[in-house]
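Residue numbers (my numbering): -18 to 432. C-beta: ideal position from N, C-alpha, C; glycine also.
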């Protein structure tokens, strides 16, 4: 039986499963977490501690059809300027509740298109952030940059503010594919943006590329990957395009009959994966690649790789606080999410209250299962000793959980003297294996394809 037949036997090409950037996943959040909960969790962060901060900018000049992010189109700066003032007010509320001496481990501006902010707003927003929470000694400040929406003035403002990592969305360089997904972005425009970023002294560069796009073939994705490799990013996220038009209405513009089949998606992923590995990148989890000296590769080697809403990370901060409409925070106590609609978010903040409208309070079982899922997603292995030491698990409890997963994936999940391991041939099944440890009902959630 060939490898694809083995994977098909376990339902890889039909399954829809969570991406597991959190546990429990967002569809299981509830209204039990309210603004007062969020405020209390901020106040509980210890003095002199570290936090990570995510700022969401939900605006784009144009809406790409493939994108399922929370964002809206605008041709004017007026709503952007108004939104930044609201963000500044939310940052001030955060500052008022933080203990003395808290610093930033990571700062990330995402969206949307953060780089549609004019240069003066970039400087103003950064100043507000750092007045509230200064950068720590090894902090990273990363920004998602649209090569079509950046210029010298905005780059100067970002560099002056301390941006030291840039993230570029590539998706695909093929012009027909770009036209089909509503994302016109030539190789030359991308190359020039990256050169300009590096000329400003920003040394670390991330790039995102997608597989599973309409009209994509192994030859076309190979050409796009080779063009991306010529730009030498430090790390790459190779995401599978999630066609979810019931969630992202703009995706109805993408012809479903032009999408590759699940078997073809796996071939596309493998074509790109092999090219990154051949070029010296190290595989990070299920869909990232990094140069050996990049922080993700170093974290993987140390057993310190983690996973959050932005994918894989080497961040060690216990709290990730999301600000802006729809942003999600993770605290040691649980998750909290802001209301998604920009108008409702603005109304809450201007009324002097946080905009938290749902979330989840962790149970001990959540923490245990969440760590098992994270370990599988990051290391393809689970350490029983860690779970017993750090999460209070018992041998009997683990034996029961392991046994169910081993029975569900015979030959694709191995028991070792130290715990569990997913062999290399079974790694495409990782999200499905992780689901075997998920205690929540998945029948009502509409997730993306497993491959």
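Identify whether residue i lies in helix, strand or coil by the three-state DSSP scheme.
i           : result
residue 320 : coil
residue 250 : helix
residue 45  : coil
residue 291 : coil
residue 126 : strand
residue 166 : coil
residue 244 : helix
residue 194 : coil
residue 276 : helix
residue -9  : coil
residue 207 : helix
residue 429 : strand
residue 9   : helix
residue 225 : coil
With 16 other CB atoms within 10 Å as the buried threshold, where does residue i fall?
i           : result
residue 160 : exposed
residue 298 : buried
residue 404 : exposed
residue 233 : exposed
residue 333 : exposed
residue 274 : exposed
residue 313 : exposed
residue -16 : exposed
residue 376 : exposed
residue 416 : buried
residue 57  : exposed
residue 167 : exposed
residue 366 : exposed
residue 125 : buried
residue 261 : exposed
residue 311 : buried
residue 112 : exposed
residue 92  : buried
State the CB to CB distance for the pair residue i and residue j, rounded to an integer number of angstroms; the pair is presumed to be in contact (CB under 8 angstroms).
i           : j           : result
residue 175 : residue 136 : Actually they are not in contact, since the Cβ atoms of residue 175 and residue 136 sit about 11 angstroms apart, beyond 8 angstroms.
residue 357 : residue 411 : 6 angstroms
residue 272 : residue 278 : 7 angstroms
residue 35  : residue 308 : 6 angstroms
residue 280 : residue 32  : That pair is no contact at about 18 angstroms.
residue 315 : residue 37  : Their Cβ separation, rounded to whole angstroms, is 19 angstroms, which puts residue 315 and residue 37 out of contact at 8 angstroms.
residue 242 : residue 203 : At roughly 18 angstroms, the Cβ-Cβ gap does not stay under 8 angstroms, so residue 242 and residue 203 are not in contact.
residue 88  : residue 62  : Between residue 62 and residue 88 the Cβ distance is about 21 angstroms, and since that is not below 8 angstroms, they are no contact.
residue 147 : residue 123 : 7 angstroms
residue 90  : residue 162 : The pair is not a contact, with the Cβ atoms about 23 angstroms apart (cut-off 8 angstroms).
residue 224 : residue 249 : Not quite, the Cβ-Cβ distance comes to about 14 angstroms (not below 8 angstroms), so this is no contact.
Between residue i and the rest of its own chain, which residues show a CB-CB distance below 8 angstroms, the 5 nearest in sequence each way excluded?
i           : result
residue 220 : 189, 190, 191, 192, 268
residue 100 : 134, 135, 137, 138
residue 2   : 288, 289, 290, 291, 292
residue 67  : 326, 327, 330, 331
residue 157 : 196
residue 421 : 5, 6, 9
residue 364 : 356, 399, 400
residue 408 : 267, 361
In its own chain, which residues sit with a C-beta less than 6 angstroms from the C-beta of residue i, not counting the 5 before and 5 after it?
i           : result
residue 44  : 54, 231
residue 247 : 432
residue 215 : 185, 186, 272, 275
residue 81  : 28
residue 423 : none
residue -1  : 6, 428
residue 256 : 206
Tell me which residues share the same chain as residue i and place their Cβ nearer than 7 angstroms to its Cβ, disregarding the 5 neighbours each side in the sequence.
i           : result
residue 396 : 383, 387
residue 8   : 426
residue 339 : 10, 11, 12, 14, 318
residue 418 : 350, 353, 354, 382, 386
residue 128 : 149, 166, 170, 171, 174
Segments of 3+ residues assigned as beta strand (DSSP E) that fall wholly inside the region 132 to 164:
146 to 152
Run through the region 37 to 103 for me and flag every whole alpha helix (DSSP H) of 4 or more residues, listed as ranges in chain order.
59 to 78
Could you name each continuous beta strand (DSSP E) segment of 3 residues or more that falls completely within the region 314 to 400, going from the start of the chain to the end?
315 to 319, 337 to 342, 362 to 364
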